[in-house]
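J.:
As structure tokens, then:
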């Protein structure tokens, strides 16, 4: 959790707690407070030509580093460049039943589905919900 401009009672006449008191109360209930401790990188898709190399991102161990990537690619490079978490979901392995086993057998993707831990990094790849023939219309509510 992180603080917003209203969370510390700055605009309230009723809240007289200090930042330290409020933080202590929140953390005593098992909620971690984050402050300038997360780096989030969204990468261009592997199929695009303008994709930056992982080594061009200056990640260090003082922050928790999250990489968002459409495809689970270059996982070892991400791990070697201090990424802590890699999130993706492209492979369709959870979308159509036999694909997961076919992809695993043929070693088509670096991570077809689920969680993989490599060096210091956790990589999570989700199953896909949509396919290319499904029209996603963000201005319309679709009930399924």
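In our numbering, the protein residues as written are 71 to 214.
Backbone N, C-alpha and C define an ideal beta-carbon position, used for all residues, glycine too.
Am I right that residue 154 and residue 190 are in contact with their C-beta atoms under 8 angstroms? What's the rounded C-beta distance?
T.: Confirmed, Cβ separation roughly 7 angstroms.
J.: Please report the Cβ distance between residue 181 and residue 192, rounded to the nearest whole angstrom; I am assuming they are in contact, meaning their Cβ atoms lie under 8 angstroms.
T.: Not a contact, Cβ separation roughly 11 angstroms.
J.: At which residue ranges does the segment 84-151 contain complete beta strand (DSSP E) runs of 3 or more residues, listed in the order of the chain?
T.: Entirely contained in the segment 84-151, the beta strand (DSSP E) runs reaching 3 residues are, in chain order, 108-112, 134-138.
J.: Buried or exposed: which applies to residue 126, given that a residue is buried once 16 or more other Cβ atoms fall within 10 Å of its Cβ?
T.: exposed
J.: Around the C-beta of residue 168, are 16 or more other C-beta atoms found within 10 angstroms, so that it is buried, or is it exposed?
T.: Flag for residue 168 reads exposed.
J.: Among all the DSSP beta bridges, which residues are the ones paired with residue 158?
T.: 195
J.: With a threshold of 8 angstroms, are at least 3 pairs of Cβ atoms found where one atom belongs to the segment 129-144 and the other to the segment 102-119?
T.: yes
J.: For the putative contact between residue 96 and residue 133, defined by C-beta atoms under 8 angstroms, what is the C-beta separation to the nearest angstrom?
T.: Your pair residue 96 and residue 133 does not check out as a contact, with CB atoms roughly 21 angstroms apart and the cut at 8 angstroms.
J.: Does residue 212 pass the burial test, meaning 16 or more other C-beta atoms within 10 Å, or should it be called exposed?
T.: With a pLDDT of 48 at residue 212, under the threshold of 50, the modelled position of this residue cannot be trusted, and the question is left open.
J.: Would residue 145 and residue 188 be called neighbours here (beta carbons separated by less than 8 angstroms)?
T.: yes
J.: For residue 89, verify whether its CB is less than 7 angstroms away from any heavy atom of the ligand HEM.
T.: For the ligand HEM, the structure offers nothing, since it holds no ligand at all.
J.: Out of 185, 110, 89, 84, which one is the CA nearest neighbour of residue 136?
T.: 110
J.: What first and last residue would you give for the beta strand (DSSP E) that runs through residue 185?
T.: 184-188
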